[in-house]
Structures are given as structure tokens and as C-alpha cells.
Amino acid sequence: MADTTPVTATVTGTATTTDITTAADRLGEQRAALRLRHSQRLTALMEARNDLRGVHALADFVDDSVRWSA
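In our numbering, the protein residues as written are 169 to 238.
Next comes the structure, spelled out in C-alpha cells:
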């Protein structure tokens, strides 16, 4: 099971602008990786289970978007 603990950037009183930018960049990269992983798994599920098409509009939208961008 994947870790679902929310990731938050913490800033101490002595943090520099570079530290804050680095934390924000790291958080952005983690979110992008999570979005990619979810899209990949949703696409694999929709390929394996055609009966799920039409059940959830957002899932259909993401699946179609991934197919058109490939």
C-alpha cells in the first residue's frame, strides 16, 4: 500500500529563499509524480476492465486524455 501521508514544506526562522524554493520545487515534483502514477494506473485499469467505461466521467476523461496525448 502506498504511503498517503500528506507532504508539506516546513520553513524555519533561518530558512533562505533558496531553501523555500527548493522545498516548493520538491513538493511540485512529488505532486507531478503522483499525478503521473495515478494516470498510468487508471489507464491500465481502464484497458483491463472495459466494463468500467461510463461509470465515472472523470475517469473516462483522464483515460481519453492520456490516450490522445500518447
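Just so it is clear, CB atoms sit at the ideal spot from N, CA and C, and this is done for glycine as well.
Nothing here was measured: the structure is a model prediction, and the numbers come from that model.
Limits of the alpha helix (DSSP H) - the one that residue i falls within
i: Gly196; result: 185 to 216
i: Val127; result: What is shown of the chain runs 169 to 238, which leaves residue 127 out entirely.
Cβ distance (whole Å) where residue i is taken to contact residue j below 8 Å
i: Met214; j: Ala225; result: No, Met214 and Ala225 are not in contact; Cβ-Cβ is about 13 Å, not under 8 Å.
i: Val223; j: Ser207; result: Contact doesn't hold; Cβ gap of about 17 Å is too wide.
Pick from the options that is closest to residue i, judged by C-alpha positions
i: Leu210; options: Arg194, Ala191, Asp232; result: Asp232
i: Ser237; options: Arg217, Leu204, Asp219; result: Leu204
i: Val234; options: Thr189, Ala212, Thr190; result: Ala212
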